[in-house]
Amino acid sequence: MENDKNSSTSGPLPAVVNRDETVAGLRNEIVQVREELERLRVQQAAVPSNASWETEMEQGIVYTDGHSPTSSMSAGRLLKQFSGLSKERMKSGQIRDSREIDYLPIPSVDEAQLEADFIRWGYCLVKDAMSPEQVRAQVERLVDQAAAERLRNAGIMTSANDKAQLVNNLVLKGSVFRDAVEFKESAAQRGPTVDRLLTKIMGEGFGLGCAHGSMVHEGGGLQELHIDQGGMPLPYPPFPFGSLIIWCYSDFDLANGATYVVPGSHRHANGTTSFQNGADLFQLVNGEPGLVAVCAPAGTCILTDTRILHCGGRRLAPGTRFAMRCHYNRHFIRPLHEQSTANLHVPNDVYQKLSDRLKQMMGITDNNQTPVGELSVNEGSDSN
Ligand SMILES: O=C(O)CCC(=O)C(=O)O
Ligand SMILES: [Fe+2]
28 MENDKNSSTS
38 GPLPAVVNRD
48 ETVAGLRNEI
58 VQVREELERL
68 RVQQAAVPSN
78 ASWETEMEQG
88 IVYTDGHSPT
98 SSMSAGRLLK
108 QFSGLSKERM
118 KSGQIRDSRE
128 IDYLPIPSVD
138 EAQLEADFIR
148 WGYCLVKDAM
158 SPEQVRAQVE
168 RLVDQAAAER
178 LRNAGIMTSA
188 NDKAQLVNNL
198 VLKGSVFRDA
208 VEFKESAAQR
218 GPTVDRLLTK
228 IMGEGFGLGC
238 AHGSMVHEGG
248 GLQELHIDQG
258 GMPLPYPPFP
268 FGSLIIWCYS
278 DFDLANGATY
288 VVPGSHRHAN
298 GTTSFQNGAD
308 LFQLVNGEPG
318 LVAVCAPAGT
328 CILTDTRILH
338 CGGRRLAPGT
348 RFAMRCHYNR
358 HFIRPLHEQS
368 TANLHVPNDV
378 YQKLSDRLKQ
388 MMGITDNNQT
398 PVGELSVNEG
408 SDSN
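Numbering follows the working numbering, with no gaps: position 202 of the sequence shown is 229.
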């Protein structure tokens with residue numbers, strides 16, 4: 028240890044670690060400070076500092092959107108600012124291919140990896156969830172059904188100029204779909220993996236919101252950026268209400284049409300939601316990795332957190348992208364979806380074929396004709 032002769036300080040100079048170590052140490056410090064800042068920012072947003080009983084009582088009941096000027100905002104309203112954005116980014120070639128970003132999920136069968144991907148990025152990809160033969164059987168039935176519906180003028184065309192078709196209520200339209208919806212290996216070879224993951228996400232006895240076929244032709248498929256629980260008022264609890272899963276019947280890529288997502292837009296590391304009143308959501312879309320097309324081969328099953336920012340992507344190539352989309356909910360959420368009427372009328376012959384689990388998932392378990400509990404005591408006695 029040397030004395031600095033030019034320095035007015037007496038005594039030895041402090042030891043200087045080598046340059047690389049210093050830089051590494053400083054970098055580490057910056058990362059920690061950034062994390063701390065982010066934590067503080069999120070905490071501040073989640074708990075308004077001016078909250079008091081007086082102001083809360085004055086605001087009244089604000090648990091739902093659109094009922095007073097102070098109403099809690101739904102993400103749906105917050106997301107209006109993204110109107111036109113997916114189109115603009117798609118047209119200017121700014122949607123990235125997920126396979127080119129090395130840290131994003133790739134198809135996997137390792138359930139620990141799938142869980143980690145789901146937590147970090149808001150989605151995961153189950154590899155070879157359906158075999159080519161299973162995919163073929165489903166597409167065959169879907170194409171048939173879609174043609175029959177068009178023939179009867181009942182086809183649901185979802186993009187301008189008939190560039191996409193939705194085939195609703197698949198549980199009523201073929202055993203291949205029913206079996207996939209309840210994860211039977213006969214219809215989806217890795218169905219049990221998907222089932223286990225969904226049970227971890229939503230708990231036992233989760234319900235079915237909808238199961239529909241999606242056919243996207245050249246030029247069709249593009250949607251506005253949205254989340255699949257957009258009607259829920261903010262703020263969200265640190266978990267999703269449900270999960271939309273997409274069985275890829277075709278290869279998903281930029282030309283074929285793929286789901287666009289903003290990986291990691293569903294939550295922060297501490298569990299709080301990214302969707303806050305006043306949050307800069309553009310920062311998510313413009314940040315890293317930004318808007319990405321989830322690219323994966325046919326047979327993959329994409330599981331998504333219903334808080335993740337995403338939309339259908341446009342198919343640019345000739346031909347058709349096929350998929351089945353199923354929305355599942357926690358068991359206490361009414362198993363209906365705006366696109367599903369499957370539970371409102373089930374033809375008797377189909378009802379006979381539904382498994383107990385499917386009936387439970389759809390919320391249409393048989394009505395018990397035998398009075399139970401306190402009701403059985405009343406049997407025979409008339410009440411007005
Ligand atoms: O089909 C897709 O790629 C995504 C569709 C979607 O996000 C939806 O229908 O909510
Ligand atoms: Fe969606």
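Idealized CB from N, CA, C, for every residue including glycine. Since this is a predicted model, take the numbers as computed values, not measurements.
Query                                                                                                           : Result
Three-pair Cβ contact test at 8 Å for the region 289–299 versus the region 377–389                              : no
N- and C-terminal bounds of the beta strand (DSSP E) containing MET242                                          : 234–244
Where LEU336 sits in the DSSP three-state scheme                                                                : coil
For CYS328: DSSP bridge partner residues                                                                        : VAL153 and TRP274
Sub-7 Å separation of GLY240 and ARG342 beta-carbons                                                            : no
Other residues of its chain near LYS114: CB distance less than 7 Å, five sequence neighbours each side excluded : LEU249
ASN77 versus LEU261: straight-line alpha-carbon distance, rounded                                               : 18 Å
PHE349 beta carbon less than 7 Å from that of TYR276                                                            : yes
Coil, strand or helix - PRO290 by DSSP                                                                          : coil
Check whether SER270 and LEU225 have beta carbons under 7 Å apart                                               : yes
beta-carbon THR327 near ligand 1 non-hydrogen atom, thresh 6 Å                                                  : no
Sufficient close CB pairs (3 or more, under 8 Å) joining the region 180–190 to the region 130–141               : no
Euclidean distance between Cα positions of VAL404 and THR397                                                    : 12 Å
Status (buried if at least 16 other CB within 10 Å, exposed otherwise) for GLU63                                : exposed
Residue burial classification, ARG61 (beta-carbon count within 10 angstroms, cutoff 16)                         : exposed
Residue from PRO374, THR331 and GLY339 whose Cα sits closest to the Cα of HIS354                                : THR331
Closest Cα partner of GLY234 within the set ARG46, GLY390 and ASN45                                             : GLY390
Extent of the continuous alpha helix (DSSP H) to which VAL221 belongs                                           : 218–229
Strand pairing of HIS253, partner residues [DSSP]                                                               : HIS337
Where the alpha helix (DSSP H) through VAL377 begins and ends                                                   : 375–380
Reduced DSSP secondary structure (H/G/I, E/B, other) of ASN33                                                   : The pLDDT assigned to ASN33 is 46, lower than 50, so where the model puts this residue is not dependable; a value taken from the coordinates is nonetheless given after this. Three-state DSSP puts ASN33 in coil, outside helix and strand.
Through-space distance from ALA323 to VAL194, alpha-carbon basis                                                : 23 Å
Residues that DSSP places opposite ASN12 in a beta bridge                                                       : Outside the shown range of the chain (28 to 411) lies residue 12, about which nothing can therefore be said.
Heavy atom of ligand 2 within 6 Å of ASP255 beta-carbon                                                         : yes
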